[in-house]
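When we follow my numbering, the leftmost residue of the sequence shown carries the number 2, and every step to the right adds one.
Structure first, commentary second.
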Amino acid sequence: MPPSNRRTGWLSLPNLLGGSHRDPADAAAPIVGPCPAVALYAVAPLRGVEHLVLDDLSAYADDRGWVVPAGCAIADSGPLDQDPNVRAGWQRVRAAAATGHLVHGVVVPSFAHIAYRAGDWDRERAWLLEQG
2 MPPSNRRTGW LSLPNLLGGS HRDPADAAAP IVGPCPAVAL YAVAPLRGVE HLVLDDLSAY
62 ADDRGWVVPA GCAIADSGPL DQDPNVRAGW QRVRAAAATG HLVHGVVVPS FAHIAYRAGD
122 WDRERAWLLE QG
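So this is what it looks like as structure tokens:
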């Protein structure tokens, strides 16, 4: 795991799912070719603290050489179990992924930030996969 300085720790999805036998230190290997563009998205429990979560996500993307286009570090506030269809920030992320494919991935603290309920997650996951 990368050193923690003022950020929280993380593991990449393949490590969490057991699908990778790489050492976590290898996760920050240099990228060859163009840097992928990603959106950062989180749901903060209270207004005014969104930057705390987005700072960690930004550092995670920076460590991997990913680019966050202007306007693509987005946070909603409120409960995680809110329907993703009513979250203005999540709709902006969807637009960035769909309209001209401005971003090629989404960095979140956990899947629950996209959709808390299994049915909502299945719908959002399927949509994201359709976007490539």
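Built from N, CA and C at the ideal position, the CB exists for glycine as well.
Note that this is a predicted model, so its numbers are computed, not measured.
Comparing C-alpha distances from A62 to each of Y117, E51, V50 and V109 shows the shortest one belongs to V109. The Cβ atoms of V104 and A38 sit closer than 9 angstroms to each other. Ranked by Cα distance from A45, the first of S78, H52, V69 and A74 is S78. The three-state secondary structure of G106, taken from DSSP, is strand.
In this structure C73 is buried. Its beta-carbon is surrounded by 16 or more other beta-carbon atoms within 10 angstroms. Residue pairing by DSSP places V68 opposite A38 in a beta bridge.
Secondary structure of S59 (DSSP, three-state): helix.
Secondary structure note for D123: its alpha helix (DSSP H) is the uninterrupted segment A119 to Q132.
For A76, the three-state secondary structure derived from DSSP is strand.
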